[in-house]
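What follows is a single structure, written as structure tokens, with notes after it.
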Amino acid sequence: MTPSLFSPVTLGAVELPNRVLMAPLTRMRATPPGDVPNDLMRDYYAQRAGAGLIFSEATQVSTWGKGYMDTPGIYSSEQVAGWRRITDAVHEAGGRIAAQLWHVGRVSHESFHGGQPPVSASAEPYRNRTTVRGEDGRPTRVNCPTPQALTTEGIAQTIEDYRRATENAREAGFDAVEVHAAHGYLLHQFISEVSNHRDDEYGGPVENRVRLALEVVDAVVDAWSADRVGVRVSPIGSFNGLDDLEGGDTGLHLARELSRRQLAFLHLSEPDWVGGPELDDAFRVALREAFPGPIVGAGAYTTEKADRLLAAGHIDAVAFGRPYIANPDLAERLEQGADLNEPNPSTFYGGGAEGYTDYPALA
Ligand code: FNR
Numbered sequence: 040m041t042p043s044l045f046s047p048v049t050l051g052a053v054e055l056p057n058r059v060l061m062a063p064l065t066r067m068r069a070t071p072p073g074d075v076p077n078d079l080m081r082d083y084y085a086q087r088a089g090a091g092l093i094f095s096e097a098t099q100v101s102t103w104g105k106g107y108m109d110t111p112g113i114y115s116s117e118q119v120a121g122w123r124r125i126t127d128a129v130h131e132a133g134g135r136i137a138a139q140l141w142h143v144g145r146v147s148h149e150s151f152h153g154g155q156p157p158v159s160a161s162a163e164p165y166r167n168r169t170t171v172r173g174e175d176g177r178p179t180r181v182n183c184p185t186p187q188a189l190t191t192e193g194i195a196q197t198i199e200d201y202r203r204a205t206e207n208a209r210e211a212g213f214d215a216v217e218v219h220a221a222h223g224y225l226l227h228q229f230i231s232e233v234s235n236h237r238d239d240e241y242g243g244p245v246e247n248r249v250r251l252a253l254e255v256v257d258a259v260v261d262a263w264s265a266d267r268v269g270v271r272v273s274p275i276g277s278f279n280g281l282d283d284l285e286g287g288d289t290g291l292h293l294a295r296e297l298s299r300r301q302l303a304f305l306h307l308s309e310p311d312w313v314g315g316p317e318l319d320d321a322f323r324v325a326l327r328e329a330f331p332g333p334i335v336g337a338g339a340y341t342t343e344k345a346d347r348l349l350a351a352g353h354i355d356a357v358a359f360g361r362p363y364i365a366n367p368d369l370a371e372r373l374e375q376g377a378d379l380n381e382p383n384p385s386t387f388y389g390g391g392a393e394g395y396t397d398y399p400a401l402a
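So for the sequence shown, this note's numbering puts the first residue at 40; every next one is plus one.
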């Protein structure tokens, strides 16, 4: 039978009642100074429990992993306690939630690191901006500085940070974790030959460039179980100052390596929602061959795009981003063919309940 958005699917150890997933969405509303998940976030996620699976907003595994103001972390006991209240509320509302584990690398600012430059694969200038707290306390956009290259010890510490974050995610009651290896953040900075110019075992040929991502995934699996772990990738596209339009072959190599690890899913972030190319079917076929396990697609999906790609067997589920910001009951609305609320981009990042928990559900 052809799968639909509303038929069940199993991602590793997690059984989903439908294939309408909520994409990871940074909203910058954690409580400072400890970047602690709070009860406003709890209400927001619980409202969206009708999703087959919620991916949490990107969540830093360490202070070095932070690059924007008021994003939540998952390395302190206060943060774990905050997340526990959120996962409990989602479960009570009948949902499931995975933690997206994040290290921004160079997409950051010295003000988050006691004046020191952020870390990356290589210490090279690049052009991008991030969001820090301005003098008036409100979000303000600033240029990212030239990063410092991670040392061998720094790499080992980073892997340990992911391991501990995974233990914390388990303790906080998440159903799974997703390693964020997409969008020009740290793991992608190592994976791409555009941003990685190292001459050690983490740079050069593709086998070396994917090494950090795979070592992180192995540590995360070790801390939990392969059937609770997925990875988000964006092999082709331009994200956060990393212009990686030629990353297809590298992405396929990584997908083959991940497939050998029997993970719960591979999450493909497609570039067309930020003006990038539409992925062609040849790439989708090659990716399916490289990764026979469950594939989640994301990026400018409509029900039509979803139906076509599900029927073709290119993907197994869809993560919706902006539609989930504006429609807490998106899965229900899509199933009923109901009208959708329009998202308001001016309230995406930072602020309070407005544009966050006040989008109406269907009566
Ligand atoms: C995002 N996206 C994103 N991706 C990710 O992996 N981690 C994150 O924290 C975020 N944060 C985020 C915030 C906001 C406000 C937007 C709009 C997007 C990307 C997101 O998961 C998704 O891939 C895109 O939004 C494309 O899907 P839609 O919106 O076209 O359905």
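Even glycine gets a Cβ: it sits at the ideal position worked out from N, Cα and C.
Since the model is a prediction, treat every value here as computed from it, not as a measurement.
- Under the three-state reduction of DSSP output, Asn57 falls in the coil class, being neither helix nor strand.
- Secondary structure note for Gly269: it is in no alpha helix (DSSP H), and the uninterrupted beta strand (DSSP E) holding it is Val268 to Val272.
- Following the DSSP letters along the chain, one finds Leu349 inside the alpha helix (DSSP H) bounded by residues Thr342 to Ala350.
- Spanning the alpha carbons of Asp127 and Gly212 requires a straight line of approximately 7 Å.
- Considering only Val268, Gly112 and Glu296, the residue with the shortest C-alpha distance to Val245 is Glu296.
- Contact between the region 222–234 and the region 55–72 is not established, with fewer than three Cβ pairs separated by less than 8 Å.
- Taking a C-beta distance under 9 Å as the contact criterion, Ser231 and Gln187 do not qualify as a contact pair.
- Counting C-beta pairs closer than 8 Å gives fewer than three between the region 374–394 and the region 91–102, which falls short of the contact rule.
- With contacts defined by Cβ atoms closer than 9 Å, Gly104 and Trp141 form a contacting pair.
- Here Glu232 carries a coil assignment [DSSP, helix/strand/coil].
- Within its own chain, the residues whose Cβ lies closer than 7 Å to the Cβ of Tyr340, once the five positions on either side in sequence are excluded, are Val357 and Phe359, listed in chain order.
- In the displayed model, Val260 falls within a helix according to three-state DSSP.
- Contact check for Val233 against Ala252 fails: the beta carbons are separated by 9 Å or more.
- Note that the region 53–70 touches the region 104–114; at least 3 beta-carbon pairs, one per stretch, sit closer than 8 Å.
- The DSSP-derived three-state label of His306 is strand.
- The Cβ atoms of Thr169 and Gly91 lie no closer than 9 Å to each other.
- At a cut-off of 3 residues, the continuous stretches assigned as beta strand (DSSP E) that sit fully inside the region 175–221 are 178–182 and 215–219.
- When the Cα atoms are used, Ser150 and Pro156 turn out to be separated by approximately 9 Å.
- Ordered by chain, the residues meeting the criterion of a beta-carbon within less than 5 Å of a non-hydrogen atom of the ligand FNR are Ala62, Pro63, Leu64, Thr65, Glu96, Ala97, Ser308, Trp312, Ala337, Gly338, Ala339, Phe359, Gly360, Arg361 and Phe387.
- Ser43 sits in coil when the DSSP states are folded into three classes, being neither helix nor strand.
- Trp312: not part of any beta strand (DSSP E); DSSP gives it neither H nor E.
- With fewer than 16 neighbouring CB atoms inside 10 Å of its own CB, Pro316 falls in the exposed class.
- In the structure shown, the three-state DSSP call for Ile125 is helix.
- In the same chain as Arg250, and ignoring 5 residues on each side of it, the C-beta atoms closer than 7 Å to its own belong to Glu240 and Tyr241, in chain order.
- Around Val260, the same chain offers Val268 and Arg300 as residues with beta carbons nearer than 7 Å, after the five sequence neighbours per side are excluded.
- Rounded to the nearest angstrom, the gap between the Cα atoms of Val216 and Gly376 is 31 Å.
- Membership of Glu96 in the beta strand (DSSP E) is indicated by the continuous run Ile93 to Gln99.
- Sequence-distant Cβ neighbours of Ser43 in its own chain, meaning closer than 8 Å and more than five residues away, are Arg58, Asp346 and Leu349.
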